[in-house]
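Worksheet: the structure to be examined is printed underneath.
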Ligand SMILES: [Zn+2]
């Protein structure tokens with residue numbers, strides 16, 4: 099007998115992620131009701147509840163860890179006077195092309211001074227730091243805020259990934275010594291690994307960015323690139339060593355133990371939660387829809403009754419009983435809607451709910467329930483009196499399992515290259531190129547331009563963890579190599 103062709107699911111995702119990532123991403127955003135791009139300012143989108151709930155949970159994870167590491171929260175005004183922005187020349191140069199300005203107010207016409215919608219808060223916070231920090235006893239001084247920032251992004255915008263308004267955390271710390279500040283940079287990188295890799299299952303690697311690609315006003319920038327598995331990388335949190343570049347113009351001083359006034363050493367760290375969310379759904383999702391880490395999912399367990407004529411009440415009663423058992427510990431949804439069980443499966447799979455519990459008359463007879471795991475589709479039969487214990491175990495392993503499947507081996511994605519042509523070819527094949535470079539100081543900027551033009555990728559910098567590869571000469575100019583760099587396309 100010929101097999102019946104399966105009808106495509108009505109509510110499921112219709113585009114293959116591998117064949118057309120962009121269309122897949124757009125469809126998942128719309129069908130899983132994550133964001134609405136119809137808001138009528140370009141680059142500004144509405145975040146819908148399913149995304150907002152996850153984003154809030156992500157914020158909480160990050161905020162808890164920052165506070166555990168000695169940061170205190172604060173809330174700053176969202177407007178910054180132009181005169182503040184002008185105080186650090188490189189900073190203003192870096193951000194000026196992206197600033198939204200408030201230039202008039204109500205009926206009183208133009209303002210006497212333009213006000214910037216904060217693109218980042220150094221120039222709002224540091225004048226206040228000069229009031230708040232008095233003595234060495236106030237140091238280290240560690241603060242953070244969770245807020246929105248606005249940047250007039252010229253590149254194509256895409257919900258969560260890149261917008262003109264995004265949601266982030268910024269931490270700004272002051273230390274008495276350079277060592278203290280550099281130790282903070284390390285702590286920031288460790289926090290990033292802990293949260294992004296362990297909690298959100300996104301593989302990353304940290305690079306020291308070249309001088310031409312650093313944060314405006316920083317001495318050094320260290321940025322995490324998320325490995326997207328396509329040879330393309332996406333910049334995620336970055337941490338910056340600011341030295342005394344800001345403490346001097348903003349007068350961030352303290353009286354040291356010897357009674358002398360000294361300038362602080364500063365760092366800042368900016369994980370963009372909305373972008374991390376975008377990376378997470380893009381990287382973890384599959385052709386059925388979202389896959390979410392257990393702690394981040396807005397609904398963690400969905401109960402789907404399998405109703406058979408005449409036995410509806412027994413099944414629904416059992417479902418309610420199970421719901422009551424689980425609801426205090428997890429976010430549980432009992433789907434009592436009119437839809438068929440099949441459509442409910444597709445719908446909740448698309449939404450990325452980690453566990454689906456199916457209960458039908460036969461299961462009740464056997465005293466069992468069926469748990470289906472979203473990320474690998476595995477069915478687990480659990481006896482009813484073991485349910486709570488089993489769910490707890492499955493839940494504690496769920497994110498770890500995703501991480502183990504999804505953790506890319508960085509080494510496997512890279513190709514060692516010794517000349518332009520092979521590097522160009524490797525980039526075209528979706529690889530990350532590893533090669534020798536004259537330096538990542540400004541003097542090598544022309545080589546970086548050649549990389550962009552001839553090879554088709556960007557110099558991401560020197561990796562911060564152990565470097566295994568060594569090269570004799572720069573891939574562009576042939577001068578002796580002082581470092582090993584990585585070249586990749588980026589989102
Ligand atoms: Zn060179």
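In the numbering used here, the protein residues as written are 99 to 589.
We treat Cβ as the ideally placed atom computed from N, Cα and C, and that holds for glycine.
Item, Value
"Straight-line Cα distance separating residue 310 from residue 534", "17 Å"
"Residue 532 - DSSP class collapsed to helix/strand/coil", "strand"
"Residue from 436, 557, 317 with nearest C-alpha to residue 339", "317"
"Status (buried if at least 16 other CB within 10 Å, exposed otherwise) for residue 168", "exposed"
"Residue 590 vs residue 325 beta-carbon contact at 8 Å", "For the chain, the structure presents residues 99 to 589; residue 590 sits outside this window and is missing."
"Through-space distance from residue 516 to residue 429, alpha-carbon basis", "53 Å"
"Cβ shell of residue 580 (< 8 Å), same chain only, five flanking positions each side left out", "535, 536, 537"
"Proximity winner among 450, 386, 426, 458, relative to residue 415 (alpha-carbon distances)", "458"
"Residue 152 CB to nearest heavy atom of ligand 1 below 7 Å", "no"
"Classification of residue 570 by the beta-carbon crowding that lies within 10 angstroms, buried from 16 upward", "exposed"
"Residue 572 CB to nearest heavy atom of ligand 1 below 7 Å", "yes"
"Contact belief for residue 560 with residue 306 at Cβ below 8 Å, rounded distance in angstroms", "5 Å"
"Residue 208, buried or exposed, once every other Cβ within 10 Å from all chains shown has been counted against 16", "exposed"
"Nearest-angstrom Cα separation, counted from residue 170 out to residue 116", "43 Å"
"C-beta atoms of residue 320 and residue 298 nearer than 8 Å", "no"
"Cα-Cα separation between residue 558 and residue 308, rounded to whole angstroms", "7 Å"
"Three-state secondary structure assigned by DSSP to residue 467", "strand"
"Sub-8 Å separation of residue 401 and residue 433 beta-carbons", "yes"
"Sufficient close CB pairs (3 or more, under 8 Å) joining the stretch 123 to 141 to the stretch 251 to 270", "yes"
"Alpha carbon of residue 506 to alpha carbon of residue 346, nearest angstrom", "43 Å"
"Top-ranked residue by Cα proximity to residue 363, from 243, 231, 252, 423", "231"
"Proximity of residue 333 and residue 588 at Cβ, strictly below 8 Å", "yes"
"Enclosing alpha helix (DSSP H) for residue 579 [first to last residue]", "Neither: residue 579 is in no alpha helix (DSSP H) and is coded neither H nor E."
"Residue 473 to residue 452 span [Cα, whole Å]", "7 Å"
"Residue 179 (DSSP reduced to helix, strand or coil)", "strand"
"Span separating the alpha-carbon of residue 446 from that of residue 525", "37 Å"
"Runs of alpha helix (DSSP H) lying entirely within the stretch 151 to 214, each at least 4 residues, in chain order", "180 to 183, 187 to 193"
"Selection from 530, 555, 352 that minimises the alpha carbon distance to residue 514", "530"
"Cβ neighbours of residue 239 in the same chain (closer than 6 Å, five flanking residues each side left out)", "231, 272"
"Residue 517 beta carbon near ligand 1 (any heavy atom closer than 7 Å)", "no"
"Nearest candidate by alpha-carbon position, reference residue 392, set 174, 449, 291, 121", "449"
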